[in-house]
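Below: the structure, in structure tokens.
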Amino acid sequence: MLASLAPILADLPPLWPTQASAQAGPIDDLYIFLTVVSAVMTILIFVAIIVFAYKYRRRAHPHATQIEGSTKLELAWSISPFLIMLIMFVWGAKLYYAAQNPPKDAMEVFVTGKQWMWKIQYPDGGREIDELHVPVGQPVKLTMASEDVIHSFSIPAFRIRHDVVPGHYDSVWFTPTKPGRYHLFCTEYCGNQHANMIGWVDVMEPKEYANWASGGGAQGTLAEQGEKLFQQFGCSTCHLLDQQGRCPILRGLYNKPVQLNDGRTVTADDAYIRESILDPNAKIVAGFEPNVMPQFKGQVTEENVIQLIAYIKSLSPSTPASQQGVQQRPVVIAPGATGAMPNVKSPATQEKQPR
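Residue numbers (this note's numbering): 10 to 364.
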């Protein structure tokens, strides 16, 4: 009989998605632990309710028994749940800390959410829509922004999900471990075509990925595209690279502390640079006057901002090469596989016209 059920069981969907990233296994282990503990506690509680309801049901002429209590029992049912909850907390906190701290050699890819598509930008300048190509075994950091409403970037097979909120950057990282093609979704309702905001992640072997990445030429790296915008908008008039001008020097700025005129100190990270581009008067650097730089909010897209940030990063030698947007992706190691990624991979991955 079991043999006859085998084909039916084989056609049933799995209980959870494929584990295709280094993060998936540990997250599933915690999920299973939480589920088992919850199930055991639920069973114990309902069994106790049934037993007590039967044993202490109403009877005629009962003889009451005085219960004095038990200190040991009270300590046991207080300490045991505390220890279980402490295990859950430490376990979850460890996974959360790991999720918030990508390795320094992670390849950075930029993702922009827009109704109703995911725009992907690679450090070498290549772009895709609703398609993400990554090599197996290489940590990948996604720096994400939204152009309109709140979206949520989710790849179930990698066990990652992160809200993408307008107005600031969010990031998430993963290390793919299994070659294949995996769904990505928007899991935050974002309009009447929310269900169509889906895409694919292609995880490739290093040699295959190298061949894919060397298929053509993009219009310069992200940093080179950012430099063109820098010149186009006239930024170089006031932001001199090696000497003081009307605005702060940008060389070596990225990820360094910046003293503001109100006495505060901030770090010149992606979020700070983005804010300074869109709203220059939000944080005035000490020693400089407000209203010198024009606001670019509404004049540049999130993709333009990402390109400008990549250029400013490239001016800081301490920035990891994988995050500068000025070199080939570090995992492209196949012999003879050189060159930048093509601007468009195939008709299936061409950029959609804005809706």
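Beta carbons are placed, not taken as given, at the ideal position from N, Cα and C, and that holds for glycine.
- The beta carbons of SER155 and VAL174 sit closer together than 8 Å.
- Under DSSP, LEU92 forms no beta bridge with any residue.
- Counting C-beta pairs with one atom in each stretch, the segment 283 to 298 and the segment 255 to 268 have three or more that are closer than 8 Å, which means they touch.
- Our two residues, HIS171 and SER163, have alpha carbons roughly 7 Å apart in a direct line.
- Between the segment 147 to 161 and the segment 248 to 265, the count of C-beta pairs closer than 8 Å stays below three; the two stretches do not touch.
- Contact annotation: THR230 and PRO132 have beta-carbon atoms nearer than 8 Å.
- The beta-carbon separation of ASP211 and GLU140, rounded to 7 Å, stays under the 8 Å limit for a contact.
- By a beta-carbon distance limit of 8 Å, SER161 does not contact GLY261. Their separation comes to about 36 Å.
- Counting C-beta atoms within 10 angstroms of its own C-beta, ARG273 has fewer than 16 neighbours from the protein chains shown and is therefore classed as exposed.
- TRP125 is positioned such that its CB atom lies closer than 8 Å to that of MET206.
- When the Cα atoms are used, PRO90 and ILE41 turn out to be separated by approximately 17 Å.
- Of the candidates THR196, ASN300 and PHE305, the residue whose Cα lies closest to the Cα of GLU284 is PHE305.
- Sequence-distant Cβ neighbours of HIS203 in its own chain, meaning closer than 7 Å and more than five residues away, are TRP125 and CYS195.
- Per DSSP, reduced to three states, the secondary structure at HIS72 is coil, with no helix or strand assignment.
- Between ASN313 and LEU238, the beta carbon gap of about 6 Å places them in contact (Cβ cut-off 8 Å).
- The three-state reading of DSSP puts TYR191 in strand, counting E and B together.
- For ASP172, the enclosing beta strand (DSSP E) begins and ends at 169 to 173.
- Looking only at GLU236, ASP179, ALA222 and ALA69, the smallest Cα-Cα distance to ASN110 is reached by ASP179.
- TRP209 has GLU140 and HIS192 as its beta-bridge partners, per DSSP.
- Across the structure, MET97 and THR44 are spaced so that their CA atoms are roughly 11 Å apart.
- Look at GLN268 here: in three-state DSSP terms it is strand.
- Each residue's CA atom was taken as its position, placing ARG66 and ILE59 some 10 Å apart.
- Between ALA166 and ALA29, the beta carbon gap of about 4 Å places them in contact (Cβ cut-off 8 Å).
- In this structure, the beta-carbon distance from LEU104 to ILE36 falls below 8 Å.
- For GLY307, the closest alpha carbon among the candidates TYR320, GLY176 and ASN220 is that of GLY176.
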